[in-house]
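Residue numbers (my numbering): 63 to 507.
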């Protein structure tokens, strides 16, 4: 178990590079390893001198037998307890901050529902997720009340660590493959590490009925949430219809110049998921032209592309029709906070400085005073229509997905949009329309 504790502490640090830093971990790891070796050798020497030939039982431990504190001089015992307590707090903080980092990255990669994230400082990687903090608190209290003692908790802990080690090794092998490392080296790495870790797993499986099942239950819940979120988005996106923007340019220009229709906003902004810059969702065109004609002077389409690089912040401006239809694509790293409202404002300011766009209001009275026109964001929110005929498995997945979406952060808050400038439009999501409806007309004459 001591070996697993060492490995877990190291993995917690490496999972939180954004807080600790690569250089700090490398330097401190040398010191930590030396201290660990000396400490365990010292405990072994103490046991040989004070407990030779005796069996260490649960009763012995319950009355205060502890080699860690036994090797300390009596006058240093209080200081040792203080140091070990501080070390436990630091280890817990590393685990908590690492959980915040992993959850935030999962949200950026669309593998976890959107949650509120607070950024206490301007430093990269410094973040706080209130809901995850409360979940960790509830989990710690629940596990403590369930197991009652650390010795009872060892079964669940050991199995959790071995599964984590196996997953880490497989993920690292996948990373090596993406970096085009020679397959022979990857397979050598896998054969060595997997064989060692698999032996640990077999040894810990006997602890399954003694508390190891708790690990699988918690892991299963997390996996279910991630799978449902990923799978449902995949199902939903497979039925999204895209159209070519060029086919609608003439209609948008006519609508913009049609004075018989009340102006909806000077600048109308839509968030689009279309990766192809020449395409747009059909539902967006339906929202502008059909649902309620939305006349605006300039139509903006914003696309956010999350990259594998952690801190990239690039953008591309595509003036489809200058001063009339403009598409902006943000290319953000998976660790970058998606403050689209602020980013969009900065892009518009740079375009105004470069004289690429005129954001002044088109109303004569306002134009004379050079007052900028208003900006209105339209967010498309889907809901599962009752007109679907889905298989039971997909129906359960979609219902769970929309329930998660209901309790998670809304899209406008997730993108950092000011609610006073946002209009939410709801659209029914019809994945598998019902086709076998039979109706028979009855003649009453």
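Yeah, the Cβ is synthetic: ideal placement off N, Cα and C, and Gly gets one too.
Residues bridged to residue i (per DSSP)
i: residue 485; result: 440
i: residue 375; result: 394
i: residue 306; result: 341
i: residue 290; result: The partner list for residue 290 (beta bridge, DSSP) is empty, contrary to what the question assumes.
i: residue 180; result: 190
i: residue 381; result: 388
i: residue 222; result: Answer by DSSP bridge pairing: none, since residue 222 is not bridged.
i: residue 434; result: 422
i: residue 445; result: 490
Delimiting residues of the beta strand (DSSP E) encompassing residue i
i: residue 389; result: 387–395
i: residue 417; result: Per DSSP, residue 417 belongs to no beta strand (DSSP E) and is neither H nor E.
i: residue 366; result: 357–369
i: residue 92; result: Premise fails: residue 92 lies in the alpha helix (DSSP H), 84–112, not in any beta strand (DSSP E).
i: residue 329; result: 325–333
Whole-number beta carbon distance between residue j and residue i, since they are thought to touch under 8 Å
i: residue 394; j: residue 369; result: 7 Å
i: residue 320; j: residue 357; result: 6 Å
i: residue 259; j: residue 304; result: Contact doesn't hold; Cβ gap of about 44 Å is too wide.
i: residue 398; j: residue 362; result: That belief does not hold up - the Cβ atoms of residue 398 and residue 362 are roughly 21 Å apart, past 8 Å.
i: residue 392; j: residue 405; result: 6 Å
i: residue 459; j: residue 245; result: The pair is not a contact, with the Cβ atoms about 35 Å apart (cut-off 8 Å).
i: residue 402; j: residue 477; result: 4 Å
The alpha helix (DSSP H) enclosing residue i, as first and last residue numbers
i: residue 344; result: 344–348
i: residue 430; result: 426–430
i: residue 169; result: 139–170
i: residue 265; result: 245–267
i: residue 271; result: Element bounds for residue 271: n/a, residue is neither H nor E.
i: residue 316; result: 311–319
i: residue 127; result: Where residue 127 is concerned, there is no enclosing alpha helix (DSSP H), given that its DSSP letter is neither H nor E.
i: residue 463; result: 454–469
i: residue 52; result: Past the boundaries of the shown model lies residue 52; the chain is included only from 63 to 507, so the question cannot be answered.
Sub-8 Å separation of residue i and residue j beta-carbons
i: residue 194; j: residue 161; result: yes
i: residue 273; j: residue 209; result: yes
i: residue 42; j: residue 179; result: Past the boundaries of the shown model lies residue 42; the chain is included only from 63 to 507, so the question cannot be answered.
i: residue 266; j: residue 201; result: no
i: residue 295; j: residue 172; result: yes
i: residue 441; j: residue 418; result: no
i: residue 470; j: residue 95; result: no
i: residue 263; j: residue 224; result: yes
i: residue 130; j: residue 105; result: yes
i: residue 216; j: residue 277; result: no
Indicate whether the contact test is met: 3 or more Cβ pairs, each with one atom in the stretch 272–291 and one in the stretch 241–258, closer than 8 Å. no
Any 3 or more C-beta pairs closer than 8 Å across the stretch 320–339 and the stretch 435–447: yes
With a cut-off of 8 Å, do at least 3 Cβ pairs link the stretch 309–318 to the stretch 376–391? yes
Assess, as a yes-or-no matter, whether the stretch 470–489 is touched by the stretch 200–219 under the definition of 3 or more beta carbon pairs within less than 8 Å. no
Say whether the stretch 419–432 touches the stretch 331–341, bearing in mind that this needs 3 or more beta-carbon pairs closer than 8 Å, one atom from each stretch. no
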